[in-house]
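Everything below concerns the one structure shown next.
Residue numbers (this note's numbering): 3 to 386.
Written as structure tokens, this is what we have:
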């Protein structure tokens with residue numbers, strides 16, 4: 003056994019000596035190749051080194067982008083800015099003036115959209131197609147198709163259009179309820195009309211509201227670059243599933259500064275379902291203006307309630323007015339659900355079916371009261 007250990011020690015000593023000699027004289031012999039590099043020839047037989055077929059680098063999101071990009075389209079719209087005078091359509095005037103007659107002035111815009119159904123349904127922003135006379139969709143593979151407006155919802159800034167093309171590459175809808183701050187996301191769209199572009203970022207915040215962009219807000223905030231033309235495009239997760247519809251950015255220059263907002267896919271799906279079924283989104287309305295109760299407001303009005311929603315105004319002859327609700331009432335519950343902030347209350351009322359009755363609990367003169375309100379239909383906002 004002793005001879006064995008002596009032999010082993012001598013072998014190890016010799017091996018180490020050889021290693022140090024080689025390391026000192028020819029260190030390149032000890033380099034372990036990470037990949038095979040093949041020689042290649044260019045002009046005049048100049049030798050260069052050519053890497054093998056590219057493999058995804060660690061941390062690459064090419065598979066997610068590859069799944070989602072075919073379902074993201076470019077949208078081009080045009081509309082007449084002025085009305086053509088009837089005389090300009092008269093053949094008599096056409097014969098004498100011909101092509102010298104001024105055509106109707108056109109205004110063009112661009113945006114993006116997401117194919118959500120193989121049957122041709124596309125989600126986009128309302129502001130992308132609002133007032134358009136013509137809508138043109140360009141698919142990721144270059145095909146073009148005219149589109150028709152199925153319906154829109156200005157209060158969430160969403161719209162559904164449809165093209166007469168079948169077997170389209172529809173995106174997979176994700177789950178925005180599982181989205182957390184710090185999650186990696188990709189934004190896909192057509193910024194500035196340069197063509198389909200993918201940008202990378204993280205989720206910066208969820209549930210953003212009170213931005214005064216839309217009436218109903220629940221944005222996913224991201225620092226993935228979103229620019230003019232990205233509106234209506236896709237915000238996807240690292241599996242290529244749709245998390246939201248890119249809608250707006252915060253910017254004083256008009257370019258991305260790392261604060262972008264996307265409408266969550268659950269909101270988009272709910273609006274899309276309503277538009278496809280009914281042509282529009284129908285929401286409940288009772289005709290009140292509300293305001294959040296702050297400690298300062300409670301002290302100035304002598305309110306016992308230090309939080310919640312106070313009715314600041316009531317529409318004359320509206321549902322709330324007819325039911326007996328008054329300015330100064332503090333709204334506690336709506337149809338059995340706790341009324342929180344003004345935004346929460348607005349959402350609760352909007353979910354009520356028009357024509358039905360809803361019981362509301364209020365605090366009036368520091369005493370609880372119950373009121374039954376016949377819910378009306380929320381009026382559609384007029385275009386600006």
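Ideal placement from N, C-alpha and C gives every residue a C-beta, glycine not left out.
Anyone know if the C-beta pair for residue 377 and residue 313 falls short of 9 Å?
-> no
Selection from 70, 71 and 137 that minimises the alpha carbon distance to residue 79 = 137
Beta strand (DSSP E) containing residue 266: first to last residue?
-> 262-266
Throw me the rounded Cβ distance for the residue 235 and residue 114 pair, which I believe falls under 8 Å.
-> 3 Å
Measure the alpha-carbon distance for residue 257 versus residue 251 and round it to whole angstroms.
-> 8 Å
How many Å lie between residue 107 and residue 153 at the Cα?
-> Residue confidence for residue 107 is low, a pLDDT of 47 falling below 50, so the modelled location carries little weight; the figure read from the coordinates is stated next. Looking at the two C-alpha atoms, the distance is approximately 26 Å.
Leaving out five residues before and five after residue 69 in sequence, what residues of the same chain have Cβ atoms less than 6 Å from its Cβ?
-> 242
For residue 283, which residues from the same chain have a beta carbon less than 7 Å from its beta carbon, with the 5 sequence-adjacent residues on both sides left out?
-> 155, 273, 276 and 277
Under 8 Å by Cβ, that's how I've got residue 131 and residue 161 pegged, so tell me the actual separation to the nearest angstrom.
-> 5 Å
Distance, residue 190 Cα to residue 167 Cα | 22 Å
Considering only the beta carbon of each residue, do residue 311 and residue 333 sit closer than 9 Å?
-> yes
Can you name the start and end residues of the beta strand (DSSP E) that residue 375 belongs to?
-> 369-376
Identify which residue in 260, 281 and 330 has its Cα closest to the Cα of residue 163.
-> 281
Please say whether residue 224 and residue 270 have beta carbons closer to each other than 9 Å?
-> no
First and last residue of the uninterrupted beta strand (DSSP E) at residue 321 = Counting along the chain, residue 321 falls outside any beta strand (DSSP E), though it belongs to the alpha helix (DSSP H) covering 321-325.
Tell me whether residue 14 is buried or exposed, calling it buried when 16 or more other Cβ atoms sit within 10 Å of its Cβ.
-> exposed
Return the chain-ordered list of same chain residues with a C-beta closer than 6 Å to the C-beta of residue 127, the five sequence neighbours on each side being excluded.
-> 159, 233, 234 and 249
Cβ shell of residue 425 (< 6 Å), same chain only, five flanking positions each side left out = An answer regarding residue 425 cannot be provided, because it is not within the stretch 3 to 386 covered by the chain.
Taking the C-alpha atoms as reference points, what is the distance between residue 348 and residue 288?
-> 10 Å
Might you give, ordered along the chain, the residues of its own chain that have their beta carbon closer than 6 Å to the beta carbon of residue 199, omitting 5 neighbours on each side?
-> 193
With a cut-off of 8 Å on the beta carbons, I'd call residue 186 and residue 237 a contact; round off their distance for me.
-> Wrong, their Cβ atoms sit about 11 Å apart, outside the cutoff.
With DSSP collapsed to three states, give me the class of residue 252.
-> coil
Expected contact under 8 Å - CB spacing of residue 206 and residue 183 to nearest Å | 7 Å
Tell whether a beta-carbon distance below 9 Å holds between residue 125 and residue 139.
-> no
Among 195, 141, 244 and 260, nearest to residue 180 - alpha-carbon criterion | 244
In the DSSP assignment, what residue or residues form a beta bridge with residue 115?
-> 75
Under a three-way DSSP split, which group does residue 16 fall into?
-> helix
Beta-carbon separation (whole angstroms), residue 222 vs residue 208, contact threshold 8 Å | 6 Å
Return the Cβ separation of residue 325 and residue 375 in integer angstroms, given the expectation that the two are a contact with Cβ distance under 8 Å.
-> 4 Å
Looking only at its own chain, which residues have a Cβ that is under 8 Å from the Cβ of residue 337, when we skip the five neighbours before and after it?
-> 350, 354, 360, 361 and 362
Residue 62 (DSSP reduced to helix, strand or coil) = coil
Per DSSP, the bridge partner or partners of residue 2 | What is shown of the chain runs 3 to 386, which leaves residue 2 out entirely.
Report the three-state DSSP secondary structure of residue 142 (helix, strand or coil).
-> coil
DSSP on residue 10, reduced to helix/strand/coil?
-> helix
Local Cβ density within 10 Å of residue 370, reported as buried at 16 or more and exposed below that = exposed
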